[in-house]
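Count the sequence shown with UniProt numbering and you get residues 1 to 713, in order. Ideal Cβ placement from N, Cα and C applies to all residues, glycine included. Computed from a predicted structure; not experimentally measured.
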Amino acid sequence: MPTTQRSHVGQPIILDPKAYNVVWIAPLRIEAKAAMYLLDEQHHGRFPVSHGDDYVFQAGAMGGHKIVIVTLPAGQEYGTASAAALAGQVKKFFPNLWFGLLVGMAAGLPNLSCVPARDIRLGDVLIALPVGESPGIIPYELGKETEDGFQLLRRGYSLAMTETIVRSAIGSIKLEAPNDAELFLPYYEKIRNCEHGTGTFEDPGQDSDVLFQMNEYGEEEIVQRRRRSKSDYQRVRAWYGSIGSGDKLMRNAEKRNAWRDKYGIIGLEMEAAGIMNRIPVGVIRGVCNYGDRHKNKEWQPFAAAMAASYARALLDEIPPSEDITKETHKPCYYIPFAKNTRFTGRATILNALEDKFFGLHQSHKVALTGLGGVGKTQIALSFVYEMKEKRPEYSIFWVPVLSYETAEHAYADIAKKLRLRESSEDKDAKDLVYQYLSSEEAGKWLLIVDNVDDQELITGSHKRSGLEHYLPYSENGIILMTTRSGHVAGDFAQSDIIDIKQMDMEEAKILLEKSMIQKQLLQDELAVVELLTHLTFLPLAITQAASYLNQTKAPVRTYLGLLTNAEDSGMKVLNREFRDNTRYRDSRNAVGTTWIASFLQIQKSNKLAADLLSFMSCIEPKAIQQSVLPDVEQDELEWAIGTLCSYSFLIRRRENNVFDMHSLVHMVARDWFEKQGRERKVSNDVKRPSQQQRSPQKAMYDSGTLKRRIYHT
C-alpha cells in the first residue's frame with residue numbers, strides 16, 4: 001500500500017505539474033484502482049486547474065518516478081476519440097512529460113494453429129511491440145476500401161512509435177522470457193487481496209477460462225486446452241507483438257479471427273490509436289476476454305491487476321530522471337523556418353532519427369542524404385519541431401551551409417541569441433558558439449547543419465578552415481547534417497546515415513492535396529497518378545507542380561502534357577521558379593535548377609564523374625551497362641561512378657555493372673550539358689579511348705553499342 005503525503009486541515013497542497021514526468025493512462029476505473037495500489041507514495045493535493053481543464057489527475061511516486069495516473073471521467077464513452085482528448089490535455093498540462101504508459105485490459109486473440117501455437121489465456125499480459133514489418137499498434141479501422149479490399153492507411157504505419165526508452169525497458173524484461181513473469185508477479189501479490197468496488201483482484205480460476213471456436217458446421221464448441229501449472233510463474237504469460245486498436249467492441253469470432261490472421265495481431269483494444277500520436281505510450285494490456293460474444297466482466301479485475309503489475313515492473317527498468325523541479329537551463333532556439341503544415345508522411349524516417357539519437361546505442365552525429373529535392377531539409381525541419389514539443393529541455397540551432405557566408409551569418413546570429421558577443425566582440429562568432437556548446441553550461445542541444453553539399457566548406461582549404469573545426473561536441477549535444485553527397489555524409493557520420501528515398505504514391509497524393517488551393521483540380525485521379533509517377537514522387541517536384549496549378553488553375557492533364565509532350569516545354573516547366581516559405585529565400589526552388597549546384601560541385605571535385613554524367617545524359621537512362629563507359633583505370637572509374645551514386649544521380653542495380661539514371665536528372669542534365677556545348681565533345685572523348693584500347697572486334701562491337709545507345713534517346 002502506498003504511503004501518503006497529506007496537508008494540514010485547511011491547507012491543501014498545490015501540486016506542481018512541472019514536477020511530474022511520467023503519465024500512467026488507465027482508461028477505466030478498475031484499471032486506475034490497480035495502479036493506485038501500486039504507488040510507492042501517494043501525493044495528496046490538487047493540481048491548479050482553470051476553465052477548459054476537464055480531467056482530475058492522481059499523483060504519486062513509483063519506482064523513483066514522479067507519476068500521474070489519469071482515467072476517463074465516470075460515464076464517458078470510451079474509445080479512440082475520448083482517449084485522444086484525454087492525451088491532448090495531459091500533453092498540455094504536464095510540460096516536462098518524459099514518457100507514458102497505457103495500461104488496462106484487452107481482448108486476447110489466441111491462435112492454436114500457428115507454429116509455435118499462440119496459447120493466450122485470460123489473465124495473460126499483452127505488450128505492444130513491432131514484429132517484422134508490422135507496427136506495435138495497428139489502427140485496423142483507419143484506412144480505405146479498395147478493389148483489393150480494405151487497405152490500412154500507410155500500411156498501418158500511421159501512428160508514432162512508443163518512446164525508445166520504454167521499448168528498451170520492455171526489451172530488458174523480454175530477455176528474461178519465458179521466466180519474465182517472475183519480474184512482475186511479485187507486484188501482483190501485493191495487490192491480490194486489495195479491494196475495489198465489487199471485490200478483490202483474485203484470479204477467477206482456470207475452470208472459468210473457456211475458449212470457444214467455430215466448427216465446420218458454423219457451431220460453437222469449446223476448445224480443450226491443457227491446464228497450466230498452479231505455480232504463479234507458469235500460470236500467466238507475457239506476449240509481445242502487434243495489438244489492434246479501434247472504436248468497435250469486438251463480439252464476432254469470425255471477424256476477430258479474420259483480423260487476427262490478416263494483421264498478425266495478438267489482441268484488440270480501444271484507446272491506443274487515439275493516444276499514440278499525442279503521447280507515444282507503451283501499451284500494456286491484460287487479457288479479460290477473447291473478443292467474442294462470451295465477453296463478461298468476471299476477468300476484468302485480475303486482467304487489470306496483471307497489466308498494472310507488468311507496468312510497475314517496467315518502471316523498475318527505467319532509471320528515474322534527475323529532479324526536474326530544480327532550476328533548469330532555459331532553452332534557446334534559432335530556427336529559420338516556421339513549421340511546415342504541409343509536411344506529409346516520413347514517419348519511418350522520423351522514427352529512425354529518434355532511435356539513432358535516443359535509442360539503446362545513442363549516436364551524437366547522424367546524416368540525412370539523398371537526391372536534391374527529396375525532402376531532407378523538410379524532414380530535418382519536422383524533426384526539429386517534434387523535438388521542440390517532445391523534448392523542451394533541448395536548445396535547437398540551425399546552420400544553413402549554402403555557402404561559407406550563410407554559415408558564418410548563422411553562427412553570428414546564434415552567438416547573439418546566446419548573448420555571447422557582449423563580452424567578446426573581437427572573437428570569431430563560430431569559435432564562441434563552438435566553445436559554448438562544447439561546455440556543460442549549454443545544457444542539452446540539437447544542431448542542424450543543413451545543405452552541406454560542398455565538401456570543401458566542411459574540410460576547408462589552404463585559404464581558410466572548414467566548418468568541421470566549429471562543430472561542437474558534448475555528451476549533451478547531437479548534430480543532424482543534411483547533404484546530397486554520400487561522401488560528405490560518410491565522412492561526417494560514418495555508418496549513422498539515413499538515405500532518403502522518394503515518397504510512396506499515397507504520401508505523394510497527400511502532399512499534392514495539401515499543397516493545392518483548388519482541390520477540385522485533382523478530381524482526374526488517373527491524371528494525378530500519371531503526374532506523380534512522371535515526377536518520380538519527388539517532393540520538390542510535387543510542390544512545384546502544385547504552385548504552377550495554383551497560379552494557372554490549369555487541369556492536371558494540361559500540366560502533365562507540358563512535361564511529357566516535348567523536352568523543351570518540359571524543361572521550361574521544370575525550370576520555372578516558385579516561392580516557398582519553407583525553403584531558403586535565395587536558393588533555387590525549381591527542380592530544373594536545384595541540381596545545377598550539384599553538377600557544378602561534381603565538375604569541381606571529379607572531372608571524370610562530370611564527363612560520365614554528361615555522356616549518360618545522352619543515352620537511355622535505364623539499364624546502363626558499365627561496358628559502354630570509357631576505358632580508364634578501374635579505381636578511377638569506380639570512384640567516379642561512386643560519386644554519381646553518392647548524389648543519387650545513379651542507382652546501382654543488384655546485377656553487376658548495371659546502372660539506372662534518375663529520369664528527371666537525366667532530362668535536366670542533358671539540357672544543362674547541351675547549353676554548355678559539351679555533349680558532342682564528351683561523346684567523342686568516350687568513344688575514342690574505347691576503340692584504341694580494346695581489340696578491333698570488341699571495339700567495333702562497342703562502337704556500335706555506343707551509337708545505338710547515344711541515339712536511343
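| said: What does the alpha-carbon distance come out to for the pair Ala-85 and Ala-273? | reply: 12 Å
| said: Quick check for students: name the residue ranges of the alpha helix (DSSP H) that lie wholly in the stretch 499 to 578, counting only runs of 4 or more. | reply: 505 to 515, 525 to 534, 539 to 552, 556 to 564 and 567 to 575
| field | Residue range of the unbroken alpha helix (DSSP H) whose run includes Cys-645 | value | 634 to 646
| query | What are the boundary residues of the beta strand (DSSP E) that includes Trp-445? | reply | 445 to 450
| Would you call the CB atoms of Arg-235 and Met-105 closer than 8 Å? | no
| message | Using the Cβ count rule (16 or more neighbours within 10 Å means buried), how would you classify His-65? | response | buried
| message | Would Val-433 and Ile-414 qualify as a contact pair, given that the criterion is a beta-carbon distance under 8 Å? | response | yes
| query | Just how far apart, CA to CA, sit Thr-558 and Ser-515? | reply | 18 Å
| request: Using a threshold of 8 Å, state whether the C-beta atoms of Asp-496 and Lys-365 are closer than that. | output: yes
| Taking Cβ positions, are Glu-386 and Thr-164 nearer each other than 8 Å? | no
| task | Could you tell me the boundaries of the alpha helix (DSSP H) in which Pro-186 lies? | result | 181 to 191
| said: Using only the alpha-carbon positions, how far apart do Ile-396 and Arg-293 sit? | reply: 53 Å
| Should Leu-114 be labelled buried (16 or more other beta-carbon atoms within 10 Å of its own) or exposed? | According to the sequence as given, residue 114 is Cys; it is not Leu. Counting Cβ neighbours within 10 Å, Cys-114 comes out exposed, since fewer than 16 surround it.
| request: Tell me whether Asp-426 is buried or exposed, calling it buried when 16 or more other Cβ atoms sit within 10 Å of its Cβ. | output: With a pLDDT of 48 at Asp-426, under the threshold of 50, the predicted position of this residue should be treated as unreliable, though the coordinate-derived value follows. The residue in question, Asp-426, is exposed, as its Cβ has fewer than 16 Cβ neighbours within 10 Å.
| said: Less than 6 Å between C-beta atoms, sequence neighbours within five positions excluded: which residues of the same chain meet that for Gln-130? | reply: Going by the sequence as given, residue 130 is Pro instead of Gln. The residues are Gly-136.
| request: Take the Cβ of residue 722 as the centre, count every other Cβ of all protein chains shown within 10 Å, and call the residue buried at 16 or more, exposed below. | output: Outside the shown range of the chain (1 to 713) lies residue 722, about which nothing can therefore be said.
| Nearest-angstrom Cα separation, counted from Thr-406 out to Arg-652 | 34 Å
| query | What are the uninterrupted segments assigned as beta strand (DSSP E) that are 3 or more residues long and contained completely in the stretch 219 to 244, given in chain order? | reply | 220 to 222 and 238 to 241
| Distance between Phe-383 and Glu-389 (C-alpha atoms, nearest Å) | 10 Å
| message | Using C-beta distances below 7 Å, list every residue in its chain close to Tyr-394, excluding the 5 sequence neighbours before and after it, in chain order. | response | Pro-331, Met-387, Lys-444, Trp-445 and Leu-446
| message | For Glu-202, which residues in the same chain have their Cβ closer than 8 Å to its Cβ, ignoring the five residues on either side in sequence? | response | Arg-192, Asn-193, Pro-301 and Phe-302
| message | By the three-class DSSP mapping on this structure, what secondary structure does Ala-253 have? | response | helix
| field | Proximity winner among Pro-186, Glu-176, Glu-41 and Arg-278, relative to Pro-95 (alpha-carbon distances) | value | Arg-278
| message | Using C-beta distances below 7 Å, list every residue in its chain close to Ala-313, excluding the 5 sequence neighbours before and after it, in chain order. | response | Ile-173, Leu-183, Phe-184 and Tyr-187
| field | Contact check, Leu-526 vs Leu-512, beta carbons under 8 Å | value | no
| message | Tell me the rounded alpha-carbon separation between Thr-71 and Lys-295. | response | 22 Å
| field | Cβ distance (whole Å) where Gly-241 is taken to contact Ile-266 below 8 Å | value | 4 Å
| field | 7 Å Cβ shell around Met-250 - same chain, five flanking residues per side excluded | value | Ala-107, Arg-256, Leu-268 and Gly-291
| task | Report the rounded CA-to-CA distance for Glu-620 versus Leu-562, giving the unit in angstroms. | result | 21 Å
| Given a threshold of 16 other Cβ atoms within 10 Å of its Cβ, counted over all protein chains shown, does Tyr-333 qualify as buried or as exposed? | exposed
| Using the beta-carbon count (16 or more within 10 Å), is Leu-381 buried or exposed? | buried
| request: Mind the definition here: the stretch 616 to 630 touches the stretch 652 to 666 only if three or more C-beta pairs lie below 8 Å; say whether that holds. | output: yes
| said: Tell me which residue opens and which closes the alpha helix (DSSP H) that Thr-483 is part of. | reply: Run containing Thr-483: none in the alpha helix (DSSP H); it sits in the beta strand (DSSP E), 477 to 483.
| field | Under the three-state DSSP convention, the category Met-306 falls into | value | helix
| beta strand (DSSP E) runs contained entirely in the stretch 270 to 315, provided each spans 3 or more residues | 282 to 289
| request: Measure from the alpha carbon of Leu-15 to the alpha carbon of each residue in Met-36, Gly-60 and Lys-339, then state which is nearest. | output: Gly-60
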